[in-house]
Amino acid sequence: MKNQNITVYTTKTCQQCRLTEARMAAKGLNFRIIRLENEPSLAHALRNKGFREAPVVQVTGDNPQIWSGFRPDLIETLANS
Numbered sequence: 458m459k460n461q462n463i464t465v466y467t468t469k470t471c472q473q474c475r476l477t478e479a480r481m482a483a484k485g486l487n488f489r490i491i492r493l494e495n496e497p498s499l500a501h502a503l504r505n506k507g508f509r510e511a512p513v514v515q516v517t518g519d520n521p522q523i524w525s526g527f528r529p530d531l532i533e534t535l536a537n538s
């Protein structure tokens, strides 16, 4: 697996967040969760970047990327890299 760090920005009532977390865990991906309700400055910064839905997934490392919403296709790509 490539060098990558995965952060999932979530909210506690978000169904897409729960699906994303479950799919990533099932694929064996290591990720950290940041609850946006506990980090209002981060939530504001993500909104300023144009993100309007949770979760926001940010991948740093060899193949940096960022997306929002439940994206099983992108999770599969991460798991296979």
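Numbering-wise, our numbering comes out as the position in the sequence shown, counting from 1, plus 457.
Each residue gets a CB set at the ideal place from its N, CA and C atoms; glycine is no exception.
{"Check": "Taking the beta carbon of P512 as the centre, do at least 16 other beta carbons fall within 10 Å, making it buried, or is it exposed?", "Outcome": "buried"}
{"Check": "In this structure, how does DSSP classify N462 when only helix, strand and coil are distinguished?", "Outcome": "strand"}
{"Check": "If you draw a straight line from the C-alpha of F488 to the C-alpha of V465, how long is it?", "Outcome": "7 Å"}
{"Check": "So, are the CB atoms of T468 and E510 less than 7 Å apart?", "Outcome": "no"}
{"Check": "Determine the DSSP secondary structure at S525, reduced to helix, strand or coil.", "Outcome": "strand"}
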